[in-house]
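Read in order, the letters of the sequence shown correspond to residues 80 to 353 in our numbering.
Idealized CB from N, CA, C, for every residue including glycine.
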Amino acid sequence: MKNLPWTSLFIIITMLFMAVFAPVISPHSPIDQTLADKLIPPVWEEGGNAKYLLGTDVFGRDVLSRLFYGARVSMIVSALTLLVGGGVGLVIGIVSGYVGGRLDNLLMRIVDAALAFPAILFALLLAVTMGQGLRTIVIAISLLLWARFARVVRGEVLAVKQRDFVSLARVHGCSPVRIMVTHILPNVMNTFMVLLTLYVGVVIVAEASLSFLGAGIPPPTPSWGLMVAEGRGKVASAWWISLIPGIAITLVVLAFNLFGDWLRDRLDPKLRQL
Numbered sequence: 080m081k082n083l084p085w086t087s088l089f090i091i092i093t094m095l096f097m098a099v100f101a102p103v104i105s106p107h108s109p110i111d112q113t114l115a116d117k118l119i120p121p122v123w124e125e126g127g128n129a130k131y132l133l134g135t136d137v138f139g140r141d142v143l144s145r146l147f148y149g150a151r152v153s154m155i156v157s158a159l160t161l162l163v164g165g166g167v168g169l170v171i172g173i174v175s176g177y178v179g180g181r182l183d184n185l186l187m188r189i190v191d192a193a194l195a196f197p198a199i200l201f202a203l204l205l206a207v208t209m210g211q212g213l214r215t216i217v218i219a220i221s222l223l224l225w226a227r228f229a230r231v232v233r234g235e236v237l238a239v240k241q242r243d244f245v246s247l248a249r250v251h252g253c254s255p256v257r258i259m260v261t262h263i264l265p266n267v268m269n270t271f272m273v274l275l276t277l278y279v280g281v282v283i284v285a286e287a288s289l290s291f292l293g294a295g296i297p298p299p300t301p302s303w304g305l306m307v308a309e310g311r312g313k314v315a316s317a318w319w320i321s322l323i324p325g326i327a328i329t330l331v332v333l334a335f336n337l338f339g340d341w342l343r344d345r346l347d348p349k350l351r352q353l
């Protein structure tokens with residue numbers, strides 16, 4: 080217990096709490112505009128108001144409430160993207176690594192092409208053809224991540240399939256599908272789980288970047304990236320609009336990365352013995 084990354088866990092749990100209970104803990108509506116209260120600074124600044132602890136934006140919307148709902152958007156995007164992209168990458172990595180041969184060469188060339196294609200450009204093209212929204216973001220980031228999952232999982236499978244228990248399963252007449260499901264899959268799940276935690280931060284940054292560029296969540300739905308974009312023209316006079324969600328993005332991404340590093344060390348027997 081003493082070796083747990085408590086700071087990272089605290090940040091992650093706080094974000095999850097914000098995302099799940101946003102409708103309950105938000106003091107105001109995240110989308111209702113009150114122009115009479117626009118650009119109120121945080122409560123600790125001169126001119127601040129206890130009604131708006133983190134201030135308001137250019138439309139008079141409460142920054143704290145939008146921050147809570149923005150956490151919900153980030154968690155939904157992360158969950159859906161990792162479910163789709165991670166799942167596809169896991170399956171392709173296992174099949175490619177175990178079957179080998181021409182199929183492996185074909186799948187790895189597709190992976191190389193996917194890794195070489197600029198994801199931001201692809202997301203912008205999707206936004207033009209499909210429109211902004213959750214579906215566009217999930218598809219764009221999933222197409223960015225699946226290849227990374229596939230390549231790492233394939234490397235693990237290449238090592239696992241040489242082990243004795245896999246050879247014994249072949250000798251006993253187990254089908255390739257059964258071997259992949261019952262013998263290969265459990266032995267690559269540790270690596271897969273570490274990748275999931277590490278790529279949560281990647282997804283959050285990607286979603287924020289797309290929203291910042293106008294290819295993500297459409298306004299007025301609150302998103303951390305959109306909040307940063309909305310305040311970029313007021314950085315000098317109303318710094319809190321962009322800086323507060325920017326700090327939230329930094330802390331959450333750093334927390335997930337540190338937790339992923341800790342999880343990798345705990346699940347790797349060689350590192351655990353050091």
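Distance, residue j Cα to residue i Cα
i, j, result
"Ala315", "Ile119", "14 Å"
"Trp318", "Trp341", "34 Å"
"Tyr177", "Met187", "13 Å"
"Ser153", "Ala226", "22 Å"
"Gln211", "Ser246", "50 Å"
"Thr86", "Leu337", "9 Å"
"Leu182", "Leu204", "30 Å"
"Phe89", "Phe147", "16 Å"
"Ile189", "Ala158", "25 Å"
"Val122", "Asn184", "59 Å"
"Leu213", "Phe244", "43 Å"
"Arg351", "Lys130", "Low per-residue confidence applies at Arg351: pLDDT is 49, beneath 50, and the placement is therefore not dependable, though the value from the model is reported in the following sentence. Cα to Cα, the separation comes out at about 49 Å."
"Thr270", "Phe335", "15 Å"
"Leu132", "Asp116", "13 Å"
"Glu125", "Gly134", "11 Å"
"Ser254", "Phe228", "25 Å"
"Ile296", "Ile199", "14 Å"
Contact under 7 Å by Cβ, residue i with residue j
i, j, result
"Ala219", "Ala193", "no"
"Arg151", "Ala206", "no"
"Gly339", "Val273", "yes"
"Ser302", "Gly310", "no"
"Arg233", "Gly172", "yes"
"Gln112", "Gly139", "yes"
"His107", "Asp141", "yes"
"Leu289", "Leu161", "no"
"Val239", "Ile263", "yes"
Reference residue i, options the options, closest by Cα
i, options, result
"Thr215", "Gly293, Thr86, Ile323, Gly176", "Gly293"
"Pro324", "Ser144, Ile199, Ile92", "Ser144"
"Val170", "Gly127, Pro297, Ala238, Met259", "Met259"
"Ile326", "Val163, Ala129, Gly312, Val307", "Val307"
"Leu224", "Leu83, Pro265, Thr261, Val163", "Val163"
"Ala195", "Thr300, Leu222, Val174", "Leu222"
Reduced DSSP secondary structure (H/G/I, E/B, other) of residue i
i, result
"Asn82", "coil"
"Leu213", "helix"
"Asp111", "coil"
"Asp40", "There is simply no residue 40 to check, as the chain begins at 80 and stops at 353 in what is shown."
"Thr300", "coil"
For the stretch 261-281 and the stretch 318-337, state whether three or more C-beta atom pairs, one from each stretch, are separated by less than 8 Å. yes
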